[in-house]
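Asker:
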Amino acid sequence: MRLKIRKKMQYGFGPLIAAMVLPFFCVQPAMADWVADFTPPKTSDAKILIDLPDDLDVITLTQLGVELDGIDITSLLSLDGVDFIYKPLQALEGNEHTLKLVTLNPDGTSEVRQQWTFTIADDGTGSAGNVSDLNESTPEIEMAERLLRSAYFRADTLTEFSRRVVQQNIGHATNRSTLSGSGDINTGFAAGKWTVDGHANYLVQSDVDFAQTERTIDLGEYDVNADYQGDTVVGGFSLGHHDTGLETLLVSDFYRRGVSARLGTSDSRVEAQGFAFGTESVSGAADLTGLNSTENRLKGVSLAVKPFSTDVDALKLTGTYYDGLGEGSGIGLSDLDSAASGSGWGVGLEKSFGQNRTRLKAQYAHALFDQDGDNGDAPKDSSDAVSFLIEHGLFEEAPIVWDDALDIDVGFGYDRVDTFFESLANPGLVSDRDAYSAYTNLYWGALSANLYALHETNNVDDFANVPTDRLESIDFGLNYAFDQQTGSTEWLGTPYIFMNSYLASLGRVKTPVGYDGGDTDNLSSSITLGGGANYDDWYWSASHSYSRFDDYTNVSSDTVNNLTGFNVGWIVSDRLDVNGGTQFGVFEDLDTNKNSFSTNLYLGATAELVPDKVDLNIDYNLNLANGSGDSSDSHIVNSEVEWTFLQPRTNRPGLALALRGSMEEFNGNTDSAQNETEYQAYMVLRVKAPFSLSY
Amino acid sequence: MVAEANVTSVTVTPQRANVNVKGASALSLTWNVTRFEPTAPTTVPVSSTNAVLQINGSTVANLGGTLLKQSSLAAAQSETLRFSEVLSISPALARKIAEAPTGSVLISRTFTDTQTTGLARLSVFAGTGQGGALSINRIDLRFDNDARTDVIAQGDTRRAIAEINFRSSGLLKGEWRIIDPTASLGSARGRILQVVRQQVVSSGQGRTRIVSPALPTAKNGLYLLTFSVENADGIAELPVLRYFVLEGTTNRPEDNLTTLSPGNGVRVSQDTVFAWENVPGALAYQVEIFNPGHSKVVSGKVVSAKDLKLKLSAFSLDNLTSGESYDWRLRAFDKEGRVIGSSPRQLIFMP
Numbered sequence: 001m002r003l004k005i006r007k008k009m010q011y012g013f014g015p016l017i018a019a020m021v022l023p024f025f026c027v028q029p030a031m032a033d034w035v036a037d038f039t040p041p042k043t044s045d046a047k048i049l050i051d052l053p054d055d056l057d058v059i060t061l062t063q064l065g066v067e068l069d070g071i072d073i074t075s076l077l078s079l080d081g082v083d084f085i086y087k088p089l090q091a092l093e094g095n096e097h098t099l100k101l102v103t104l105n106p107d108g109t110s111e112v113r114q115q116w117t118f119t120i121a122d123d124g125t126g127s128a129g130n131v132s133d134l135n136e137s138t139p140e141i142e143m144a145e146r147l148l149r150s151a152y153f154r155a156d157t158l159t160e161f162s163r164r165v166v167q168q169n170i171g172h173a174t175n176r177s178t179l180s181g182s183g184d185i186n187t188g189f190a191a192g193k194w195t196v197d198g199h200a201n202y203l204v205q206s207d208v209d210f211a212q213t214e215r216t217i218d219l220g221e222y223d224v225n226a227d228y229q230g231d232t233v234v235g236g237f238s239l240g241h242h243d244t245g246l247e248t249l250l251v252s253d254f255y256r257r258g259v260s261a262r263l264g265t266s267d268s269r270v271e272a273q274g275f276a277f278g279t280e281s282v283s284g285a286a287d288l289t290g291l292n293s294t295e296n297r298l299k300g301v302s303l304a305v306k307p308f309s310t311d312v313d314a315l316k317l318t319g320t321y322y323d324g325l326g327e328g329s330g331i332g333l334s335d336l337d338s339a340a341s342g343s344g345w346g347v348g349l350e351k352s353f354g355q356n357r358t359r360l361k362a363q364y365a366h367a368l369f370d371q372d373g374d375n376g377d378a379p380k381d382s383s384d385a386v387s388f389l390i391e392h393g394l395f396e397e398a399p400i401v402w403d404d405a406l407d408i409d410v411g412f413g414y415d416r417v418d419t420f421f422e423s424l425a426n427p428g429l430v431s432d433r434d435a436y437s438a439y440t441n442l443y444w445g446a447l448s449a450n451l452y453a454l455h456e457t458n459n460v461d462d463f464a465n466v467p468t469d470r471l472e473s474i475d476f477g478l479n480y481a482f483d484q485q486t487g488s489t490e491w492l493g494t495p496y497i498f499m500n501s502y503l504a505s506l507g508r509v510k511t512p513v514g515y516d517g518g519d520t521d522n523l524s525s526s527i528t529l530g531g532g533a534n535y536d537d538w539y540w541s542a543s544h545s546y547s548r549f550d551d552y553t554n555v556s557s558d559t560v561n562n563l564t565g566f567n568v569g570w571i572v573s574d575r576l577d578v579n580g581g582t583q584f585g586v587f588e589d590l591d592t593n594k595n596s597f598s599t600n601l602y603l604g605a606t607a608e609l610v611p612d613k614v615d616l617n618i619d620y621n622l623n624l625a626n627g628s629g630d631s632s633d634s635h636i637v638n639s640e641v642e643w644t645f646l647q648p649r650t651n652r653p654g655l656a657l658a659l660r661g662s663m664e665e666f667n668g669n670t671d672s673a674q675n676e677t678e679y680q681a682y683m684v685l686r687v688k689a690p691f692s693l694s695y
Numbered sequence: 001m002v003a004e005a006n007v008t009s010v011t012v013t014p015q016r017a018n019v020n021v022k023g024a025s026a027l028s029l030t031w032n033v034t035r036f037e038p039t040a041p042t043t044v045p046v047s048s049t050n051a052v053l054q055i056n057g058s059t060v061a062n063l064g065g066t067l068l069k070q071s072s073l074a075a076a077q078s079e080t081l082r083f084s085e086v087l088s089i090s091p092a093l094a095r096k097i098a099e100a101p102t103g104s105v106l107i108s109r110t111f112t113d114t115q116t117t118g119l120a121r122l123s124v125f126a127g128t129g130q131g132g133a134l135s136i137n138r139i140d141l142r143f144d145n146d147a148r149t150d151v152i153a154q155g156d157t158r159r160a161i162a163e164i165n166f167r168s169s170g171l172l173k174g175e176w177r178i179i180d181p182t183a184s185l186g187s188a189r190g191r192i193l194q195v196v197r198q199q200v201v202s203s204g205q206g207r208t209r210i211v212s213p214a215l216p217t218a219k220n221g222l223y224l225l226t227f228s229v230e231n232a233d234g235i236a237e238l239p240v241l242r243y244f245v246l247e248g249t250t251n252r253p254e255d256n257l258t259t260l261s262p263g264n265g266v267r268v269s270q271d272t273v274f275a276w277e278n279v280p281g282a283l284a285y286q287v288e289i290f291n292p293g294h295s296k297v298v299s300g301k302v303v304s305a306k307d308l309k310l311k312l313s314a315f316s317l318d319n320l321t322s323g324e325s326y327d328w329r330l331r332a333f334d335k336e337g338r339v340i341g342s343s344p345r346q347l348i349f350m351p
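Each protein sequence line maps, in turn, to chains A and B. According to our numbering, the residues represented by the first sequence are 1 to 695, in order. According to our numbering, the residues represented by the second sequence are 1 to 351, in order.
1) Just grab the DSSP bridge partners of D551 (chain A) for me.
2) Would DSSP call P467 (chain A) helix, strand or coil?
3) Taking A673 (chain A) as the reference, give the member of A:D558, A:E665 and A:K613 with the closest Cα.
4) What's the call for L429 (chain A), buried or exposed, on a 16-neighbour Cβ count within 10 Å?
5) Would the segment 389 to 407 of chain A and the segment 442 to 450 of chain A be scored as touching if the rule is three or more Cβ pairs under 8 Å?
6) Under 7 Å between beta-carbons, which chain A residues line up against A218 (chain B)? List them in chain order, please.
7) For S169 (chain B), return the contacting residues in chain A, with the cut-off set at a CB-CB distance below 7 Å.
8) Quick check: what's the CA-CA separation for N264 (chain B) versus H294 (chain B)?
9) Which value, in whole angstroms, describes the spacing of the CA atoms of T468 (chain A) and A261 (chain A)?
10) If you count every other CB in all the chains shown that lies within 10 Å of the CB of P292 (chain B), and 16 or more means buried, which is it?
11) Can you list, in chain order, the residues of its chain whose CB lies under 6 Å from that of N479 (chain A), leaving out five sequence neighbours each side?
12) Pull up the distance between the alpha-carbon of V35 (chain A) and that of D51 (chain A), whole angstroms please.
13) Checking 8 Å against the spacing of the C-beta atoms, do L68 (chain B) and S47 (chain B) come in under that value?
14) Going straight from the alpha carbon of K42 (chain A) to that of S342 (chain B), what length do you get?
15) Could you check what DSSP says for S501 (chain A) in three-state terms: helix, strand or coil?
16) Could you say which of A:P690, A:L693 and A:V684 lies nearest to E160 (chain A) if we only look at CA atoms?
17) Note down, one range per segment and in chain order, each beta strand (DSSP E) of at least 3 residues found wholly within the segment 409 to 492 of chain A.
18) Answer yes or no: do V7 (chain B) and T114 (chain B) have a C-beta to C-beta separation smaller than 8 Å?
19) Let me confirm a value: W276 (chain B) is counted as buried when at least 16 other C-beta atoms fall within 10 Å, else exposed. Which label applies?
20) Please classify Q70 (chain B) as buried or exposed, where buried requires at least 16 other C-beta atoms within 10 Å of its C-beta.
21) Going along the segment 460 to 480 of chain A in order, which residues come within less than 7 Å of chain B, judged by CB to CB distance?
22) Check R215 (chain A) in the structure and name its three-state DSSP category.
23) Starting from S72 (chain B), follow its DSSP beta bridges and name the residues at the other end.
24) Taking F277 (chain A) as the query, report the chain B residues whose CB atoms sit under 8 Å from its CB, ordered along the chain.
25) Give the DSSP-derived three-state secondary structure of T279 (chain A) in the structure shown.
26) Quick one: Cα of D536 (chain A) to Cα of N137 (chain B), how far?
27) Taking 8 Å as the CB-CB cut-off, is M1 (chain A) touching chain B?
28) Can you check the segment 47 to 117 of chain B for any alpha helix (DSSP H) of at least 4 residues that lies completely inside it and give the ranges in chain order?
29) Quick one: is P23 (chain A) buried, meaning 16 or more other Cβ sit within 10 Å of its Cβ, or exposed?
30) Hey, quick one: how far does the beta strand (DSSP E) through F362 (chain B) stretch, first residue to last?
31) With a threshold of 8 Å, are at least 3 pairs of Cβ atoms found where one atom belongs to the segment 85 to 104 of chain B and the other to the segment 15 to 24 of chain B?
32) When DSSP labels each residue in this structure, what does V27 (chain A) get in the three-state scheme?
33) Let me confirm a value: F277 (chain A) is counted as buried when at least 16 other C-beta atoms fall within 10 Å, else exposed. Which label applies?
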């Protein structure tokens, strides 16, 4: 008997259904010769349908896979009879797309059974004229050429006029009427071998006391990136906020406004980069390049070379140089030790063996750094840093254990950073450490675990009058994601668990004669256990952390902290989401026997009261702090009701009217002077204007 | 005979203090001045012009400013006046202290009630952070896409990251605090988004990274976000990030999704499991594989949000060339098709 699935019945598709269905039918072997039909989607967000023969048997169905633009979409296919249907997660972009129908062979191999291309026009419509069966000789270059001549501009903007209609006890004397807003703009084009992309945002705030840069309208952050992709040479430049991508002792995680240029060979044999950045974190248009101030600017170069080959194990040598001066402060940054001048050079070596199985990375850097600037009294320090890391995968071929691959990596590192080693382009670097570390990572199916051990001493510059301490620590972490539960444990949904823990001992290695600055001998420990589960329309998660600090010198108090958290979210319907969370913490000072308690509760809801017309957001927050750390309890309610009377569409602004406000009630408990109720409410006229142009 | 009150004693807490070898330090001191009035009632000023830093008996620097309080005493009455101050030790002074002979560094203050004087001193030692309470000396606050001023599409998932440099060890007590658009035009307090209690340790100087929960993006308007932390005496002002939420489609989250496996650089096969942490509101997760440094997807797989892991199909692996390394990342999509999560790129190797 041949299984025939009735058309128009929708099923989720996957091995699970096949496994459930198969035992009830006697199924004949798959048909060898059949052809599927494909009709391209009429619009960019329409469903994609592959019309399979009506008499296709179920075994053949379960042996098929579908790939769209390189992505295996089989898991999200649904069945309309025996036709495959896929609803794209996002509207397809306006260019050519490739769809493949693949047969999965029992031996684990696969072969492309049929393949189609289709085009989505820039206006979002599909084109049947471009549907074709691709073969090996399809001139894909034509497609590439079409893609290379494109441009786009997209902007999302929101401007709102708000007027305070009621208030009590609010802390700031703000303007009663304000204009505020923002926009996010993306643009770019591709021409020939050049690709240029730009991004910027801006903020509007008529009450300049609340404006980021004390200007009513000002630029936030922006970046422009131009890339040239030649046959033998690649290059480009960046302007605005960006990161060089360098991860060295001298330059790392350095995201600032500035300029950089890069040039190299297309096989990555040679990569050179020059850069100049402001050292402060800035926004606004006043210093558009970030380089206006000579007092807050650094510049540098890097050169990476693969001298012998460009294969995966190739030796890579990197050299870096920088110099500059300035403050490492600004928006989002507060630094006690920020005014400085510095320069440095460094070299790095990367090499792997056995097709990336063993990886070696070594770095050396030399820095000149004056921690209070050239005009300060502190001397300019000359210092060095060394970093060495070797990693090795234990298995050349990962063994299969219970159907899952088992991978174990081990690594060993050594870092020696002089006491006064600093770099303006790596401001968060921890110096004054001589550290040996070892770690192992285990990956087995959905289980991942890691173990990290550290032995570290300080006073690297060996000051005779400064003690030397030693830190020894061990960290262990574990994560596991279970399969979606079925049968009697279906109520568990798709659960997951995690655990993080560490133990750290800090002690004294050497105490100078006559030193009376206190001893060092303490033990820190911490463990966090957590888990959660996901369901079709809701989720929950919970965690508990226990931390303990024992100071055997009694300089500081011994303490214990417990913190428990719970979060839950529920998609009640297409028009209503609710979520909430709570944290409860207990801090115990074991020396003074004083305890403090903190409780936080959050409840929130988002509702579409009238579809496409009226939306409601409301949340309630409770913060309680009592015990020895007693402070005011607070109850805060935030809410907004928005009536959209003209829905925004691309290139057509929309209008909405909103009533929003908040109420904050503080209860001082024993201190009634702290009792206070604040509230404020605003009427808001909102203009939402998305723009999009492309060709 | 003129009535004469007496400064009977001056003490300071603590009696010994550590300054950091490198960088500026802040010393919190409390001076306790006890006066006794033997005869008639008087009101006199009790003051000290500055503190003095001495090395081997020689004055190296004057620190702090004038401390002044009025003292009113009846006959035969005594009282203790308490003066608290925070002294800043410059990097240059810290270096001098570090290079001075052990035990030779003192900070003193002389208090006078215009008639008598009294002096107290504390010993100062150099260290690299140990022996003292936890102190925060740098806070670097940014969003998970590195930006510090951002415009976020409504409903997108975005987190903030606090990179904190500290000295010594202890329990870091912090709070993510946020001011919502409903209140930002008049409230300076905000609400607690999450309490953070994290035990941190270092041999002197340390660094830790604290990731915020998903930031609220349900309401249009301006949000202000900060990470307030105790033991940040040296930080003059807590950094504040601002982000504006609007309805839009052009902005995309970056690097806000945590993957659990495989490890970086792993040899990929059909048995390799890609696993990740849950993103609330996700409809589907998509693993995407790229040639290193490129943005065009060469292979990948999408699964529904019920799954927190997947294995690549044989035909997905067929898109990869043996002996080549690739970048991969994971993205989460919501029911509207918006990307609400994205992981940093990591390396895999096709054997």
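Quick reminder that beta carbons are idealized off the backbone N, C-alpha and C, glycines included.
Answerer: With the structure as the only source:
1) Position 551 of the first sequence holds residue 551 (chain A). BP columns for D551 (chain A) point to A:N522.
2) Taking the first residue of the first sequence as 1, we reach residue 467 (chain A) at position 467. Looking at P467 (chain A) - three-state DSSP - the assignment turns out to be coil, as it is neither helix nor strand.
3) Walking along the first sequence from the start, residue 673 (chain A) turns up at place 673. Selected option, being the one with the closest Cα: A:E665.
4) The residue labelled residue 429 (chain A) in the question sits at position 429 within the first sequence. Classification of L429 (chain A): buried, given that the 10 Å Cβ count is 16 or more.
5) yes
6) Numbered from its first residue, the second sequence carries residue 218 (chain B) at position 218. T606 and N617, listed in chain order.
7) Your numbering for residue 169 (chain B) matches position 169 in the second sequence. Residues of chain A passing the Cβ test: L506, N522 and S524.
8) Position 264 of the second sequence holds residue 264 (chain B). Position 294 of the second sequence holds residue 294 (chain B). Answer to the nearest angstrom: the Cα atoms are 18 Å apart.
9) As a first step, residue 468 (chain A) must be located in the first sequence, where it is residue number 468. As a first step, residue 261 (chain A) must be located in the first sequence, where it is residue number 261. Using only the alpha carbons, I get a separation of about 44 Å.
10) What you label residue 292 (chain B) is simply residue 292 of the second sequence in a count that begins at 1. Exposed, by the Cβ-count rule.
11) For the purposes of this step, residue 479 (chain A) is identified with residue 479 of the first sequence, where counting begins at 1. S448 and F498.
12) Taking the first residue of the first sequence as 1, we reach residue 35 (chain A) at position 35. Taking the first residue of the first sequence as 1, we reach residue 51 (chain A) at position 51. Taking the straight line from one Cα to the other gives about 9 Å.
13) For the purposes of this step, residue 68 (chain B) is taken as the residue at position 68 of the second sequence. For the purposes of this step, residue 47 (chain B) is taken as the residue at position 47 of the second sequence. It is a contact, given that the beta carbons lie within the stated cut-off.
14) One-based indexing of the first sequence puts residue 42 (chain A) at position 42. One-based indexing of the second sequence puts residue 342 (chain B) at position 342. Going from the Cα of K42 (chain A) to the Cα of S342 (chain B) covers about 29 Å.
15) To locate residue 501 (chain A), count along the first sequence from 1; it is residue 501. Note: S501 (chain A) maps to strand in three-state DSSP.
16) Translated into positions along the first sequence, residue 160 (chain A) becomes position 160. Checked all of A:P690, A:L693 and A:V684; the closest Cα to E160 (chain A) is A:V684.
17) 433 to 444, 447 to 457 and 468 to 481
18) What you label residue 7 (chain B) is simply residue 7 of the second sequence in a count that begins at 1. What you label residue 114 (chain B) is simply residue 114 of the second sequence in a count that begins at 1. Cβ distance not < 8 Å, so V7 (chain B) and T114 (chain B) don't count as in contact.
19) Walking along the second sequence from the start, residue 276 (chain B) turns up at place 276. Buried.
20) Taking the second sequence and counting its residues from 1, one reaches residue 70 (chain B) at position 70. Classification of Q70 (chain B): exposed, given that the 10 Å Cβ count is below 16.
21) F463, N465, V466, P467, D469, R470, L471, S473 and N479
22) On the first sequence, residue 215 (chain A) is found 215 positions in, with the first residue counted as 1. In this structure, R215 (chain A) counts as coil in the three-state DSSP scheme.
23) Against the second sequence, residue 72 (chain B) aligns to sequence position 72. Beta-bridge pairing links S72 (chain B) to B:T43.
24) As a first step, residue 277 (chain A) is located in the first sequence; it is residue number 277 there, counting from the start. Simply none; closest approach about 13 Å.
25) Taking the first residue of the first sequence as position 1, residue 279 (chain A) is located at position 279. If DSSP states are grouped into helix, strand and coil, T279 (chain A) belongs with coil.
26) For this step, residue 536 (chain A) is matched to residue 536 along the first sequence. For this step, residue 137 (chain B) is matched to residue 137 along the second sequence. The alpha-carbon atoms of D536 (chain A) and N137 (chain B) are separated by roughly 45 Å.
27) Counting from one through the first sequence, the residue named residue 1 (chain A) turns up at place 1. Unreliable positioning characterises M1 (chain A) in this predicted model, as indicated by a pLDDT of 33, which lies under 50. The coordinate reading is nonetheless provided below. So, not an interface residue.
28) 91 to 99
29) Within the first sequence, numbered from 1, the residue matching residue 23 (chain A) stands at position 23. Only weak support is given to the placement of P23 (chain A): the predicted model assigns it a pLDDT of 38, under 50, and the question is left unresolved by the model.
30) What is shown of chain B runs 1 to 351, which leaves residue 362 (chain B) out entirely.
31) yes
32) On the first sequence, position 27 is the one that residue 27 (chain A) refers to. Any reading at V27 (chain A) needs caution, since the residue's pLDDT is 37, under 50, leaving its predicted position unreliable; the model's value is listed next. It is coil, neither helix nor strand.
33) Position 277 of the first sequence, counting from 1, holds the residue named residue 277 (chain A). Under this definition F277 (chain A) is a buried residue.
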